[in-house]
Amino acid sequence: MKIAITGYNGFVGQYLRNYFASKGLEIIPIERKLLYGDLHALTSLIEESNIVIHLAGATLNKYWTKKYMQKIYNSRILTTNQLVKAISLCKNRPQVLISTSAIGIYDNKHSHDENSRYLAGTFLGKVCKDWELAALNAENFGVDVYILRFGIVLGLNGGMIKKMLPLFKIGLGGSIGNGNQALSFIHIDDLVRIYDAIISGQLKKGIYNAVSPYPTTNKQFSKQMAHILKRPLFFAIPKFVFRILFGKGAELLTQGQLVYPHSLLEQGFKFKYETIDSALHAILKPQK
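If you want it as C-alpha cells, here you go:
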C-alpha cells in the first residue's frame, strides 16, 4: 500500500510517516510547491497512491496580521482545492482521502460532538468550514473522504508541550488567564492510531473529532504538568500577553472548545490515553 502525505515534515506528519513506514507501507511525500503549482506532477504522484493524507497548512503559532490570516486560509483551502482537482484528473484514483480540520470549527459556549449545531463565527471557524467543504468535493470522484477535527495534539516533539516545557522546567509555567477555558486534547499516539484505524478499514467514512473522551481545562493541564515535573506553579499569565504576542491568533490559547469523540467511541475505537493525567505522564515522565 502507498500513502501520499502533504505536510509530511510537520509535527503530526513526521509521526505518521515514521509509523506507517515502520509497518512496511510506502510513503509518497508531496512537496508544498506542488500544491500551488504543477498540477500534472501532483496528479502523477496522487495516481501512484492508495491513500492521501492531507496535513499541509501554514502554522497558526505566529502573529496574525491580515496578510498572515490570508496565508492561513489559502494554505488550507487552496491547497485542498488543488489536491481534489488532481484527484479528479487521475485515471487510477486513490480510494481514500484523509483531510484535516480542527475543533476551532465549534463555538466556546457549548459542548460538542460531531453533530453539534453550534459552530464558531470566528475566522478560524470559517477556515475549518471551508477546509472541510473543499475536501468533501473529492467524494464527487468516488473517493471516500475522512475529516479529522484535531484537538490540541500532545507530544514531546511539537505543539503545545514543546512550547511550554522549557518554561515549566524552570518553574515559570502557569495557566492562561483564569485557566477555566476548556482544553480538548489528544495524545499523538492516539491520533496516529486513528489514522491506522481508518487505513485498516475499521472506521466508516465521515467526520471525526480527534480528541480524548475526557477533556480538561487549561488550569488542570498546567497543574498536572507542574506536578509531574515537580515544579512550582505560581502564577497565571494574563490574556493580554498573548494578544500582544499573537494578535487575533491569541484566541487559540485564551479560548477553548469542549469537544467529545462521539463517532470514534460509537464505532468502538479505544483510546490509550483517555485522561490528561495519563497523557502527560506518558509524555513527561522521561523528562523529570
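Mapped onto this note's numbering, the consecutive letters of the sequence shown carry residue numbers -13 to 274.
Note that the Cβ used here is the ideal one computed from N, Cα and C, for glycine as well.
**OP:** Could you please give the first and the last residue of the uninterrupted alpha helix (DSSP H) stretch that includes Phe136?
**Re:** Element bounds for Phe136: not the alpha helix (DSSP H) but the beta strand (DSSP E), 130 to 136.
Original post:
Should Asn164 be labelled buried (16 or more other beta-carbon atoms within 10 Å of its own) or exposed?
Top reply: Looking at its Cβ environment, which holds fewer than 16 other Cβ atoms inside 10 Å, Asn164 is exposed.
**OP:** Determine contact between the region 108 to 124 and the region 160 to 178, defined as no fewer than three beta-carbon pairs at a distance below 8 Å.
**Re:** The region 108 to 124 is not in contact with the region 160 to 178.
Original post:
Exposed or buried, Lys205, counting other C-beta atoms within 10 Å across all chains shown (16 or more means buried)?
Top reply: By the neighbour-count rule (16 or more Cβ atoms within 10 Å), Lys205 is buried.
**OP:** To the nearest angstrom, report how far apart Pro280 and Lys19 are at their CA atoms.
**Re:** A query on residue 280 cannot be resolved here, the shown segment of the chain reaching from -13 to 274 and no further.
**OP:** Starting from the Cα of Ile174, find the closest Cα among Asp263, Ile133, Lys57, Leu140 and give me that residue.
**Re:** Ranking the options by Cα distance to Ile174, first place goes to Leu140.
Original post:
Buried or exposed: where does Glu118 fall if 16 or more other Cβ atoms within 10 Å of its Cβ makes it buried?
Top reply: Here Glu118 is buried. Its C-beta has 16 or more other C-beta atoms within 10 Å.
Subject >> Three-way DSSP call (helix, strand, coil) for Glu118 in this model >> reply: Residue state, collapsed to three classes: helix.
Original post:
Taking the alpha-carbon positions, what's the Asp176 to Ile193 distance?
Top reply: Distance between the alpha carbons of Asp176 and Ile193: 17 Å.
**OP:** Count the CB pairs spanning the region 49 to 56 and the region -3 to 16 that are closer than 8 Å, and state whether there are at least three.
**Re:** They do not touch, by the three-pair rule.
Subject >> Nearest residue (CA-CA) to Tyr(-6), options Ala72, Phe154, Asn4 >> reply: Comparing Cα positions, the closest option is Asn4.
Original post:
Anyone know if the C-beta pair for Leu97 and Tyr246 falls short of 8 Å?
Top reply: Reading off the sequence shown, one finds Ser at residue 97, where the question assumed Leu. The Cβ atoms of Ser97 and Tyr246 lie closer than 8 Å to each other.
Original post:
In three-state terms, what does DSSP make of Gly(-7)?
Top reply: Shown here, Gly(-7) sits in coil according to DSSP, grouped into three states, outside any helix or strand.
Subject >> Anticipated Cβ contact below 8 Å, Ile89 with Phe136, distance rounded >> reply: Right, their Cβ atoms sit about 7 Å apart.
**OP:** Provide the residue(s) that pair with Gly192 in DSSP beta bridges, ordered along the chain.
**Re:** For Gly192, which the question treats as bridged, DSSP gives the partners Tyr132.
Original post:
With 16 as the cutoff for other CB atoms within 10 Å, does Pro80 come out buried or exposed?
Top reply: It is buried - the Cβ of Pro80 has at least 16 other Cβ atoms within 10 Å.
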